[in-house]
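Here is the structure we will look at.
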Amino acid sequence: MEVGAENSLLDSIEQRRLGVNQSIKQGAWAEALKLALRDAPLASTSAKAKDANAAVVASAALAVREAELAVVVGVLDADEAEVLLKYVYRCLSTPSDKSALWFRWHAALVERTGPGAVVRVIAEVGRTA
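Position one of the sequence shown corresponds to residue 4 (the working numbering), numbered consecutively onward.
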């Protein structure tokens with residue numbers, strides 16, 4: 004990826020991060036998560052951009068109160084739910100004290116989207132979080 008293109012992508016992720024943080028401060032968790040998932044750089048070859056966006060998605064997801072998980076998952080459309088599932092798998096691939104919460108996200112997403120989404124996300128090559 005060209006340096007200019009990568010910088011532009013990183014700038015857009017930073018703007019999204021600021022919007023996500025503002026939504027979180029207002030208690031608008033679903034809005035924050037939807038914003039974090041918008042224009043995810045899944046096809047990007049920039050590890051820096053993927054890492055930056057994963058951090059934005061994680062901050063939005065981890066801000067959601069556990070009691071609100073099902074409600075927030077319910078407002079996601081099918082594409083957003085599948086993109087979030089990619090980030091859930093990414094976050095689960097790294098040991099963390101948040102793993103239990105990521106498994107709760109996984110359960111809520113699978114309940115909402117069905118097992119087909121899991122198969123699609125796992126089988127998809129080249130467009131990963």
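Glycine included, C-beta positions come from ideal geometry on N, C-alpha and C. Small disclaimer: the values here were computed from a predicted structure and weren't measured.
Please confirm whether residue 76 and residue 123 have their CB atoms less than 8 Å apart. Contact annotation: residue 76 and residue 123 have beta-carbon atoms that are not nearer than 8 Å.
Does the pairing of the stretch 65–82 with the stretch 25–39 give three or more beta-carbon distances under 8 Å? Output reads yes: the stretch 25–39 touches the stretch 65–82.
Cβ atoms of residue 57 and residue 93: under 8 Å apart, would you say? Going by C-beta atoms, residue 93 is nearer than 8 Å to residue 57.
Look at residue 37 and residue 65 and say whether their C-beta atoms are less than 8 Å apart. In this structure, residue 37 lies away from residue 65, with their beta-carbon atoms at least 8 Å apart.
When 131, 98 and 87 are compared against residue 110, the one with the closest alpha-carbon: If we check each option's Cα against that of residue 110, 87 comes out closest.
Please classify residue 31: does DSSP put it in a helix, a strand, or coil? In this structure, residue 31 counts as coil in the three-state DSSP scheme.
Ordered list of alpha helix (DSSP H) runs contained in the stretch 9–59, each at least 4 residues: Inside the stretch 9–59, DSSP marks whole alpha helix (DSSP H) runs of 4 or more residues at positions 32–40, from first to last along the chain.
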